[in-house]
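Asks: Supplied in structure tokens, the structure appears directly below.
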Amino acid sequence: MQFSRPRGTRDFLPEEMARRRYVEKVMRETFESYGYREIQTPVFESLELIAAKSGEDIVKHLYSFKDKSGRSLALRPELTLPVMRLYINELQRKPKPIKLYYFENCFRYEEPQAGRYREFWQAGIELIGTSYPEGEAEVIAIAVEVLEKLGLKDFELHIGSIGILRKILRESGVKEKEQGKILHLIDKGEREKLENLLKKLKISGENKRILLGILNLSGEKKEVVSKARELLKGRAALEEIEKFESILRFLDLKVQKYSLNLGIARGLDYYSGTVFEIYANRLGAQKQICGGGAYSLAGMLGGEETPTCGFAFGFDRVMLALEAEKEMNIDSKTHVLVVPVSESLLGDAVKISSIIRKSASCELDLMRRKLGRALAYANSEGIPFVVIVGDEELAKGCVTLRDMKTGEQKEIKLSELERIGEKL
Ligand code: AMP
């Protein structure tokens with residue numbers, strides 16, 4: 165009997181893994197170049213932690229279970245909550261800002277489709293301990309820099325402000341819990357349900373007009389900001405627009421192209437300030453490849469309140485976006501195949517392989533193939549060089565190096581093998 169993968173999961177074959185590892189490397193190097201350092205948290209957390217603050221949509225899709233001692237646990241659906249738990253447990257007393265990054269798998273029991281999986285990967289950063297606009301702007305710029313370094317062309321950055329929305333709701337007397345519900349409906353684009361809820365919460369005509377007016381604002385910076393200012397004249401939410409603008413001024417120093425969309429609400433409960441999403445339009449329904457913003461979690465999780473912001477790339481979707489745009493031929497192949505011409509030379513071939521590995525990736529032929537077959541194997545696998553170990557050459561302290569592309573063969577000294585990688 166054969167077994168198949170659980171629904172919504174994937175196997176990754178070597179070529180795909182090579183592409184994934186390359187993209188991962190670019191992400192890690194970019195995060196590290198800004199001083200972010202990697203952390204790792206458990207694959208499962210207490211259900212209470214995840215359920216408390218993730219937001220309705222995520223809680224609905226949790227993989228949750230009880231362990232043998234009856235503890236309620238959940239596989240992590242994202243990483244911001246675990247990272248903040250770790251921060252409160254381990255790093256609260258450290259000098260600020262604290263810059264953390266992660267690259268991990270996450271689990272959501274969603275209906276699988278292109279770009280939506282039950283196991284998927286997130287790569288993200290969290291900046292903890294500063295609320296200065298240059299910090300928030302830097303976080304957004306890092307996400308864009310990663311995509312530019314990867315050579316992705318067709319993507320759009322959209323920036324909004326949950327801070328403005330929350331201020332309007334607070335001024336309208338809406339409690340925190342209800343704010344979450346409203347933001348959730350905004351995120352889902354459920355306008356009718358939103359209007360019904362606003363009615364139920366008795367949000368007055370004027371407050372409703374302002375909220376809906378703000379939600380509809382999207383497009384170019386100058387226009388959106390001036391319309392928002394007009395709508396919020398004389399209201400506390402105006403202060404949020406000023407904060408928002410100062411972030412954008414810093415962002416303008418690094419990122420040339422973006423749109424504002426004050427209707428972005430994000431699906432997670434903890435966002436509190438500027439928020440952003442990046443879309444790769446070629447991906448259709450699952451086009452959101454990155455999401456992030458400023459959030460308040462430390463206080464809610466029992467720590468000291470501290471400003472925080474961050475983002476997560478949907479790593480799998482970044483891969484899909486890149487592959488939709490260009491061919492990604494990442495070289496992960498072996499460089500040298502070592503073939504002894506007879507079994508009696510196997511021991512020498514083992515030793516020679518070890519020497520070659522000091523500067524190049526090298527495979528010893530483990531099938532005891534005859535030379536002709538070994539060469540055919542190297543050809544079919546795209547291994548560019550073969551080192552042939554023969555008695556006569558060995559007696560002279562040499563081996564034969566064959567260039568598979570040209571068919572050219574030459575003898576090289578054993579003493580040169582250690583640095584062969586530099587010559588290939
Ligand atoms: P979120 O934690 O919901 O803000 O998601 C962050 C990013 O993870 C999104 O922008 C998506 O790119 C990605 N993502 C979320 N859910 C899935 C999923 N089921 N499969 C693949 N990627 C996902």
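In my numbering, the protein residues as written are 165 to 588. The beta carbon of each residue, even a glycine, is placed where N, CA and C say it ideally should be.
1. Which partner residues does HIS322 have in the DSSP bridge list?
2. Between which two residues does the beta strand (DSSP E) carrying PRO246 extend?
3. For the ligand AMP, I want to know if PHE284 counts as a neighbour, meaning its beta carbon is within less than 7 Å of at least one of the ligand's heavy atoms.
4. Here's the rule: buried if 16 or more other CB atoms are within 10 angstroms of the residue's CB, otherwise exposed. What is PHE477?
5. According to DSSP, LEU501 sits in a beta bridge with which residue or residues?
6. What's the C-alpha gap between LEU264 and LEU347?
7. For PHE195 and GLU557, what's the separation of their Cα atoms in angstroms?
8. Would DSSP call ASP567 helix, strand or coil?
9. Following the continuous beta strand (DSSP E) through LEU237, name the residue where it begins and the one where it ends.
10. Classify GLU572 as helix, strand or coil using the three-state DSSP reduction.
11. By the DSSP assignment, the beta strand (DSSP E) with ILE428 in it spans what residues?
12. Given that a residue counts as buried once 16 or more other Cβ atoms are within 10 Å of its Cβ, and exposed if not, what is PHE229?
13. Could you compute how far the alpha carbon of MET568 sits from the alpha carbon of LEU539?
14. Provide the residue span of the beta strand (DSSP E) that contains SER287, from first to last.
15. Could you tell me whether the Cβ atoms of GLU188 and PHE271 are closer together than 8 Å?
16. Check whether the stretch 358-368 touches the stretch 297-309, taking contact to mean three or more Cβ pairs, one atom from each stretch, closer than 8 Å.
17. From the DSSP secondary-structure annotation, give me the bridge partner or partners of LYS263.
18. Check the DSSP bridge columns for GLN277 and list the partner residues they point to.
19. Between the Cα of ASP433 and those of LEU349, PHE208 and ARG566, spot the shortest distance and give me the residue it belongs to.
20. Could you tell me the distance, in whole angstroms, from the CA atom of TYR273 to the CA atom of ARG481?
21. The ligand AMP and LEU239: does any heavy atom of the ligand fall closer than 7 Å to the residue's C-beta?
22. Any heavy atom of the ligand AMP inside 7 Å of the beta-carbon of GLN277?
23. Per DSSP, which one or two residues make a beta bridge with SER382?
24. Suppose the cutoff is 6 Å on Cβ atoms and the five residues either side in sequence are ignored; what does the same chain contact list for LYS522 look like?
25. Count the C-beta pairs between the stretch 447-465 and the stretch 350-362 that are closer than 8 Å, then say yes if the count reaches three, no if not.
26. Looking only at DSSP bridge pairs, what is PHE271 linked to?
27. Measure the CB-CB distance between GLY172 and PRO276 and report whether it falls below 8 Å.
28. Take GLU202 and list the residues in its own chain whose beta-carbon comes closer than 6 Å to its own, dropping the five residues that flank it on each side.
29. Rounded to the nearest angstrom, what separates SER390 and HIS322 at their Cα positions?
30. Applying the criterion that 16 or more other CB atoms from any shown protein chain within 10 Å of the CB defines a buried residue, is ASN425 buried or exposed?
31. So for ARG201, helix, strand or coil by DSSP?
32. Along the chain, where does the alpha helix (DSSP H) containing PHE408 start, and where does it finish?
33. With distances taken Cα to Cα, identify the nearest neighbour of GLY467 among ILE584, ILE292, LYS490 and LYS372.
Replies: This is what the structure gives:
1. Answer is SER423 and GLU441.
2. PRO246 -> not in any beta strand (DSSP E); alpha helix (DSSP H) instead, spanning 244-250.
3. yes
4. buried
5. GLU527 and VAL550
6. 27 Å
7. 50 Å
8. Three-state DSSP puts ASP567 in a strand.
9. 236-239
10. coil
11. Taken as a continuous stretch (DSSP letters only), ILE428 belongs to no beta strand (DSSP E), as it is neither H nor E.
12. exposed
13. 8 Å
14. The displayed chain sequence assigns Ala, not Ser, to residue 287. Per DSSP, ALA287 belongs to the beta strand (DSSP E) from 283-292.
15. Cβ atoms of GLU188 and PHE271: not closer than 8 Å.
16. no
17. LEU291
18. ARG280
19. Cα-wise, what sits closest to ASP433 is LEU349.
20. 17 Å
21. no
22. Every heavy atom of the ligand AMP is 7 Å or more from the Cβ of GLN277, so no.
23. Bridge partners of SER382: ASN425.
24. GLU582
25. no
26. GLU283
27. yes
28. If we look at GLU202 and ignore the five residues flanking it on each side, its Cβ neighbours are TYR265.
29. 17 Å
30. buried
31. strand
32. 401-415
33. If we check each option's Cα against that of GLY467, ILE292 comes out closest.
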